[in-house]
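Protein sequences, first through last, are from chains A, B, C and D.
Quick note on numbering: the first sequence equals residues 1 to 138 in full-length UniProt numbering.
Quick note on numbering: the second sequence equals residues 1 to 138 in full-length UniProt numbering.
Quick note on numbering: the third sequence equals residues 1 to 138 in full-length UniProt numbering.
Quick note on numbering: the fourth sequence equals residues 1 to 138 in full-length UniProt numbering.
Glycine included, C-beta positions come from ideal geometry on N, C-alpha and C.
What you are looking at is a predicted structure, and each value in this text was computed from that prediction instead of being measured.
Okay, structure first, notes after.
There are 4 protein chains.
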Amino acid sequence: MLNRVILIGRLTKDPEMRYTPAGVAVTQFTLACDRPVSQGKEKEADFINIVAWRQLAETCANHLKKGRLTAVEGRIQVRNYENNEGKRVYVTEVIADNVKFLDTNKDGSQRADRPDTARDPFQDDGKPIDISPDDLPF
Amino acid sequence: MLNRVILIGRLTKDPEMRYTPAGVAVTQFTLACDRPVSQGKEKEADFINIVAWRQLAETCANHLKKGRLTAVEGRIQVRNYENNEGKRVYVTEVIADNVKFLDTNKDGSQRADRPDTARDPFQDDGKPIDISPDDLPF
Amino acid sequence: MLNRVILIGRLTKDPEMRYTPAGVAVTQFTLACDRPVSQGKEKEADFINIVAWRQLAETCANHLKKGRLTAVEGRIQVRNYENNEGKRVYVTEVIADNVKFLDTNKDGSQRADRPDTARDPFQDDGKPIDISPDDLPF
Amino acid sequence: MLNRVILIGRLTKDPEMRYTPAGVAVTQFTLACDRPVSQGKEKEADFINIVAWRQLAETCANHLKKGRLTAVEGRIQVRNYENNEGKRVYVTEVIADNVKFLDTNKDGSQRADRPDTARDPFQDDGKPIDISPDDLPF
DNA sequence: TTTT
DNA sequence: TTTT
């Protein structure tokens, strides 16, 4: 009924964009979210898989890079499929509907790689009515 | 750095409480969160695993039942282990730190099974410093 | 950049729907959100003003009533105006983009007043591009 | 019952720390949260007042400055008082329980002003049991 | 001005 | 009274 997630973390790798058979853009990346440090423990993180569709997929693919500090808003989705050994595998992902770049570039400039011409590309309802979890090409 | 989840859904089964070898209470249950309905699709839900520790584990075990409408606040945790075939398995769960019972009972009374004597037992910081994902007994 | 609120509480009164001069529906109501009880204190609540626009305004006006347990998702908005004494007054509201009715009716039935025919009327992007805080008719 | 806010924005001024008569530290600052840009409108922001107590108050006062990009997690609180003209004034604030510094310093270094010796000072339950909204010294 |  |  209500399913909302907000994460801040860093990309573990460059994002990967693919297309569904129907030609819809999907971008996948993983966010490393550091857990609050507890004494006597080394630093730990949760590695959370993010999926963005359509226009949001494209802007993520164009502007995000490994290591970038990023805020993601979305919802948890759990899908399952049968693997090649006939076993059911469950995959949990966050379907993003809002992504914010929080990093400055190494030279200190602010998000210089973001095209000025884009009319806030970060708007996407994240609820594509004709796309189901099973359309994911990975 | 920041990792927050808020869910409202219904329990798919009665919760299960266990204890770690060190004697810490842990309760596990699954929340069915209906996805927004899209036309031409049958109703779908995400089934999200919830974990509660300690006092929150006990109140969840005592007061939640299959079918109950429940709000859960917490953070996403991803842990992994090697299964008996030597393969790494990834498990995603929501570690609850706040759980609210939203249901009235069938007879219309409000949460009659909740003991009056408890001074809001639903307060728990959910961040037990001496417990790690690997302590989970399931 | 990111501004997200999730509340669960009860309506202090019946909601009020009005129209802007341009004919857009707006509904206003107040949610009483109980604070976590602390010992030695009587029970306290925060009374938070909610605003819903357009279709969401209409479904809120039709289905919510005083006392109903309700979940609201939205964003904080702060607007200001000059009062009749020439003083600037600041008003903080939550602009809802998702509202869930959590209550059963008194007779135990589930949300019987909600028309079956409506294709989830609770979808609204809450971001009406041609409406500004100053359009509020109250 | 549930009351959660997550904001990302920039400080409009340096934070101000004070003490209650009982000697408890409180820090106040304002976050400018840009609204999603809509065409035909100049850029707008919501200016949201944040309050942090105790240890979190001190780390905010020490490490935040005007202009810093900051994530705040907390809950909405509405308090009211009678002003000097005998009128009831309502004040809405976000009581922070988690604050993250998202900015690098001007020289490109990462949060160099944060003392290494502090064992994550950003943990605070934000629910001081002996403090009420009326204790605020501003 | 406040809800159960 | 407002930030980049």
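Beta-carbon proximity list for residue i, same chain, < 6 Å, skipping 5 on both sides
i	result
Arg68 (chain D)	Leu11, Asp103
Glu93 (chain C)	Asn49, Val51, Gln77
Thr66 (chain B)	Inspection of the sequence shows that residue 66 (chain B) is occupied by Lys rather than by Thr. So the qualifying residues of the chain are Leu11, Lys13, Asp14.
Gly86 (chain D)	none
Ala61 (chain C)	Pro15, Met17, Thr27
Glu44 (chain D)	Arg35
Met1 (chain D)	none
Lys41 (chain B)	none
Neighbouring residues, chain D, relative to residue i (Cβ below 8 Å)
i	result
Leu102 (chain A)	Ile8, Leu69, Leu102
7 Å Cβ cutoff, residue i in contact with chain A
i	result
Leu136 (chain B)	no
Val5 (chain B)	yes
Chain-ordered neighbours of residue i on chain C, where CB pairs are closer than 7 Å
i	result
Phe29 (chain D)	Those do not exist, as Phe29 (chain D) stays about 14 Å from chain C at its closest Cβ, beyond 7 Å.
Val78 (chain D)	Asp46, Phe47, Ile48
Beta carbon proximity, residue i to chain B, threshold 7 Å
i	result
residue 186 (chain D)	In the structure displayed, chain D extends from 1 to 138; residue 186 (chain D) sits before or after that span and is not available.
Met17 (chain D)	no
Leu2 (chain A)	yes
Residue nearest to residue i in terms of C-alpha spacing, selected from the options
i	options	result
Gln39 (chain B)	A:Ser132, A:Gly9, A:Tyr90	A:Ser132
Gly23 (chain A)	A:Ala57, A:Asp14, A:Asp34, A:Ala96	A:Ala57
Gln28 (chain D)	D:Val99, D:His63, D:Phe101, D:Pro15	D:Pro15
Ile8 (chain C)	B:Thr59, B:Asn80, B:Glu73	B:Glu73
Thr70 (chain B)	B:Ala96, B:Lys87, B:Asn80, B:Gln55	B:Ala96
Trp53 (chain D)	D:Ala45, D:Arg18, D:Phe101, D:Val5	D:Arg18
Asn98 (chain C)	B:Pro36, B:Gly86, B:Lys43	B:Pro36
Arg79 (chain C)	D:Val91, D:Met1, D:Ala61	D:Val91
Residue-chain proximity (residue i, chain C), Cβ-Cβ < 7 Å
i	result
Ile95 (chain D)	no
Thr92 (chain D)	yes
Interface residues of chain C facing residue i [CB-CB closer than 9 Å]
i	result
Cys60 (chain D)	Chain C residues near Cys60 (chain D): none, gap ~18 Å exceeds 9 Å.
Glu82 (chain A)	None at all; the shortest Cβ gap to chain C is about 31 Å.
Nonlocal neighbours in the same chain, by C-beta distance under 7 Å from residue i, ignoring five residues either side
i	result
Thr20 (chain A)	Val26, Asp135, Pro137
Asn83 (chain A)	Val89
Asp46 (chain A)	Cys33, Arg35
Tyr81 (chain A)	Val89
Contact set between residue i and chain B, taken where Cβ atoms lie within less than 8 Å
i	result
Asp34 (chain A)	Met1
Own chain partners of residue i with C-beta closer than 8 Å, once the 5 adjacent residues on each side are dropped
i	result
Asn3 (chain D)	Arg75, Ile76
Ile6 (chain A)	Ala71, Val72, Glu73
Asp107 (chain A)	Residue placement at Asp107 (chain A) cannot be trusted, given a pLDDT of 46 that sits under 50; what the coordinates show is reported in the next sentence. Answer for Asp107 (chain A): no residue qualifies.
Thr30 (chain A)	Leu11, Thr12, Lys13, Phe47, Ile48, Asn49, Ile50
Cβ-heavy atom distance, residue i to the ligand FAD, below 6 Å
i	result
Ala22 (chain B)	This structure lacks the ligand FAD, and indeed carries no ligand of any kind.
Within chain B, partners of residue i - CB distance below 7 Å
i	result
Glu73 (chain D)	Leu2, Arg4
In chain order, what are the residue ranges of uninterrupted alpha helix (DSSP H) at least 4 long that sit wholly in the stretch 20 to 53 of chain A? none
Curious, which full-length beta strand (DSSP E) runs of at least 3 residues does the stretch 66 to 109 of chain A contain? 69 to 82, 88 to 101
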